[in-house]
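One structure below.
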Amino acid sequence: MAYSDKVIDHYTNPRNVGTLDKSSHKVGTGLVGAPECGDVMRLQIQVDDNNIITDAKFKTFGCGSAIASSSLATEWLKGKSVDDAMKIDNMDIVEELALPPVKIHCSVLAEDAIKAAINDYRVKNGMEPIELEKSHH
Amino acid sequence: MNIPIYLDNNATTPMDPRVLEAMLPYFTNKFGNAASRNHHFGWVAEEGVDYAREQVAKLIGASEKEIIFTSGATESDNLAIKGVFEMYKDKGNHIITAVTEHKAVLDACKHIEKLGGKVTYLPVKEDGLVDLAELEAAMTPETILVSIMYGNNEIGVIQPVKEIAAIAHKHGALFMTDATQAVGKIPVDVNADGIDLLALSAHKMYGPKGVGALYVRRKGPRVKVTAQMDGGGHERGMRSGTLNVPGIVGLGKACEIAGQEMEAEAKRLSTLRDKLQNALTELEESYVNGNIEHRLPHVANISFKYVEGEGLMMAMKDLAVSSGSACTSASLEPSYVLKSLGLSDDLAHSSIRFGLGRFTTEEEVDYAIEVTKKAVNHLRELSPLWEMFKEGIDLNSIEWAEH
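In order, the protein sequence lines correspond to chains A and B. Sequential numbering of the first sequence, starting at 0, is according to numbering that gives the first Met the number 0. Sequential numbering of the second sequence, starting at 0, is according to numbering that gives the first Met the number 0.
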C-alpha cells in the first residue's frame, strides 16, 4: 500500500513532537489507544487565559498514518480556541491526509486524543468534562 | 549497491539466472506436453521433467518415483493433508499439527474438521519448538497423521523433525512436514528424518513461482494420498493436470544448485545474519524471537520494544522486510506465530523479520544495520511508550482504552 505524500511528509518531518508539563494547570493531556492494538497517541495542549491553544505537542506509537494524523492534529490545534478544537472531526483528517479505509481508525484515534486532552484541561480547571460519544473504533 | 535492498527472502526469492537459463528452451522449442507419449515433442518435454524429478529427489534423499509435482507448497500441503485424511479414513480420523504452522496447513486442517475429522493444534514452547511430551500425549489410536513444519517462515526455528517422526511412527501415524523454508537451505533427508510426506516450493529457493512438489514415500511404508483434483491421472494418479514443464525444469535446476552450494551458502548467510542480529540487539530493549540455536541460517526475527512494526518499516523504506504487525488488516491482530510464543501483543506488533538470501551482500547488511538503527531511534523519539519506559513508568499499570 502506498502512502500519500502528505502522510510521508508528516511522518518524515513530524511537527510538534515533544512533551509539555502535564502537571501544569494550563496543560491538558490526552492518552488514547493501547499498546496491544499497535496504536498509542499522547496529545497535549497548552491553553492561555483567553481559551486559545498556544502550543500543542504529541508523541505516537503506531504506523505512519497514526503518526501523521497526530502530527497534523497538533498543527491544526495551535492558535485555535478550545471550542473550535472540539469541532475537529476525524473525517477532516482523513481527507487532508488521503487516508485509505483501513487507516481511518488512525484519524479516529487523533480525534479522541484531542477530545481527551481538552477534557483533561477542563477537569483540571474545575469545569465539567464534555460528554463524548462512545469511541467508535 | 541497489536500493531498495531485498531482505524478505522468506516471502519469496529472486530467480537465479542459471535457473532461468535452464527453463527458457521449455517455453519455446521444447514446448511439448510431457504426457504426449507418441511424438518427439512430448518425449523432449518428458525428458526435462524426468531429469527435474531426479534433481528434486536427490536434494531430499528420495527416489524420483516419490516426487509429485504441484503448483506450489500450498497445493502440496492441501494434497497431503486432505489426501491422507480421505485415504486412511478407515484407520482413523485424527490429525495433529501445531499452532505455528503456515496457513496452508492450518486451513487444510480446519477443512478436515468440517468434514468431521478431529485435529489437535499443539501449542509451542516460548522458543517456538514443539514439546515432544505434549505430542506424545496427544497421540491416540485414531491418529493417522502428524503434520509439523520443518523450518518456520516467520521466526526460522527448526523443529526436531526426526524425534517428531519417531513419535508419530511409534503410534502408527504418518509424518508429514511442510519443508518450504528448509529445503535448499539446510540438509533435509527424508530417510534420515523419517519423513513420509514433504511439501516444498521452488520460489523459496531461487526457482520460479507457481511450482512445487510433494514427496510421497513409496517404501516402508508405502504412502498413498487420494487425489484432490480429478482429470488425466498425471503424477501416478495423485495430481491430474498438464505438467508445468518450464516450471518443473526450473524447480529441478534450483534444487541442483541448492544441493551444490548449500553448505558454503549456509555458513556465509549465518555469518551475515549473526552480524545483523548482534548489531541490532545492541539497541536497548530489542529481542530475538524464537530459538536461536535451532534456526534457519538466513532468518532473524527481532522485536524492537516501544516502536510499532509498520511505522518502523516506513522509516526503513530502503529495506524490503516484513513485520509481525498487521496494522493494514482490519483485525489489527499481530502475527499469530509470535503470539503463540507467548509474546505480548505490543512486542508482536514491534517485530521485524529479516530474511537474507543468496544475493545478499555484506555491504547490504551493513547498510541495513545503519538504516534500522536510525529508524528505531527516530521512532522511539516519537514514542510515548518509550518516554514512559525511560521515566520508569510500568506500562501495565496504565488503564489503556481498548479499541
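We put the beta carbon where it would ideally sit given N, CA and C, even for glycine. Since this is a predicted model, take the numbers as computed values, not measurements.
- At the C-beta level, Glu-35(A) and Leu-71(A) stay beyond 9 angstroms of one another.
- If you ignore the 5 residues before and after Lys-29(B), its C-beta comes within less than 7 angstroms of the C-beta of Val-43, Ala-44, Gly-47, all in its own chain and listed in chain order.
- Rounded to whole angstroms, the gap between the alpha carbons of Ala-116(A) and Asp-38(A) is 17 angstroms.
- Judged by DSSP in its simplified three-state form, Gly-211(B) adopts strand.
- Interface with chain A (9 angstroms Cβ-Cβ cutoff): Pro-383(B) is included.
- Under the DSSP assignment, Tyr-120(B) falls in the beta strand (DSSP E) whose first and last residues are 117–121.
- Between the beta-carbon of Ile-111(B) and that of Ile-95(B) there is about 11 angstroms, and that puts the pair past the 8 angstroms contact cut.
- Note that the stretch 71–80 of chain B touches the stretch 224–236 of chain B; at least 3 beta-carbon pairs, one per stretch, sit closer than 8 angstroms.
- One finds nothing in chain A with a Cβ atom closer than 7 angstroms to the Cβ of His-39(B); even the nearest lies about 50 angstroms away.
- By the criterion of a C-beta distance shorter than 6 angstroms, Gly-183(B) is surrounded in its chain by Met-204, Ala-257, once the five residues flanking it on both sides are discounted.
- Cβ proximity to chain B below 8 angstroms picks out Phe-60, Gly-61, Cys-62, Gly-63, Ala-65, Ile-66 from the stretch 60–88 of chain A.
- With the rule of 3 Cβ pairs closer than 8 angstroms, the stretch 295–306 of chain B counts as touching the stretch 378–393 of chain B.
- Listed by position along chain B, the residues whose Cβ is nearer than 7 angstroms to that of Glu-130(A) form an empty set, because the closest Cβ is around 16 angstroms away.
- Excluding residues up to 5 positions away in sequence, Ala-44, Glu-45, Val-48, Leu-242, Val-244 lie with their Cβ nearer than 6 angstroms to the Cβ of Ala-33(B) in the same chain.
- Membership of Lys-113(B) in the alpha helix (DSSP H) is indicated by the continuous run 102–113.
- Here Asn-1(B) has no same chain residue with a Cβ atom under 7 angstroms from its own Cβ, once five neighbours each way along the sequence are excluded.
- Inclusion of Gly-60(B) and Val-145(B) in the CB contact set at 9 angstroms is not warranted, their separation being larger than that value.
- Annotation for Val-101(A): no residue places its beta carbon closer than 6 angstroms to its own, counting only its chain and skipping 5 residues before and after.
- Listed along chain A are Phe-60, each with a C-beta nearer than 7 angstroms to that of Tyr-305(B).
- The C-alpha of Leu-131(A) lies about 20 angstroms from the C-alpha of Ile-52(A).
- Excluding the 5 residues flanking it on each side, Val-375(B) has same chain C-beta neighbours closer than 7 angstroms at Leu-282, Phe-303, Val-306, Leu-311, in chain order.
- In the three-state reduction of the DSSP assignment, Met-387(B) falls in the helix class.
- Ser-68(A) sits in a helix when the DSSP states are folded into three classes.
- The Cβ of Met-40(A) sits closer than 9 angstroms to at least one Cβ of chain B.
- Across the stretch 26–40 of chain A, CB contacts with chain B closer than 8 angstroms involve Leu-30, Val-31, Gly-32, Ala-33, Pro-34, Glu-35, Cys-36, Gly-37, Asp-38, Val-39, Met-40, in sequence order along the chain.
- A direct Cα-to-Cα measurement between Val-123(B) and Pro-99(A) gives close to 36 angstroms.
- Scanning Phe-358(B), Ile-397(B), Val-336(B), Asp-130(B) for the CA closest to the CA of Val-98(B) turns up Val-336(B).
- Contact note: Asp-344(B) reaches chain A through Pro-34, Glu-35, Cys-36, Gly-37, using a C-beta cutoff of 8 angstroms and chain order.
- Contact with chain A is absent for Ile-2(B), since none of that chain's Cβ atoms lies less than 9 angstroms from the residue's Cβ.
- The alpha-carbon separation between Asp-119(A) and Met-126(A) amounts to approximately 10 angstroms.
- Within the DSSP secondary-structure output, Asp-177(B) pairs in a beta bridge with Ala-198(B).
- Within the stretch 95–117 of chain B, no residue has a Cβ lying closer than 8 angstroms to any Cβ of chain A.
- The beta carbons of Asn-15(A) and Glu-74(A) sit about 7 angstroms from each other, so the pair counts as a contact at 8 angstroms.
- Residues of the stretch 188–207 of chain B with a Cβ closer than 8 angstroms to any Cβ of chain A: none.
- For Phe-60(A), the enclosing beta strand (DSSP E) starts and ends at 52–60.
- Not a single C-beta of chain A is nearer than 9 angstroms to the C-beta of His-297(B).
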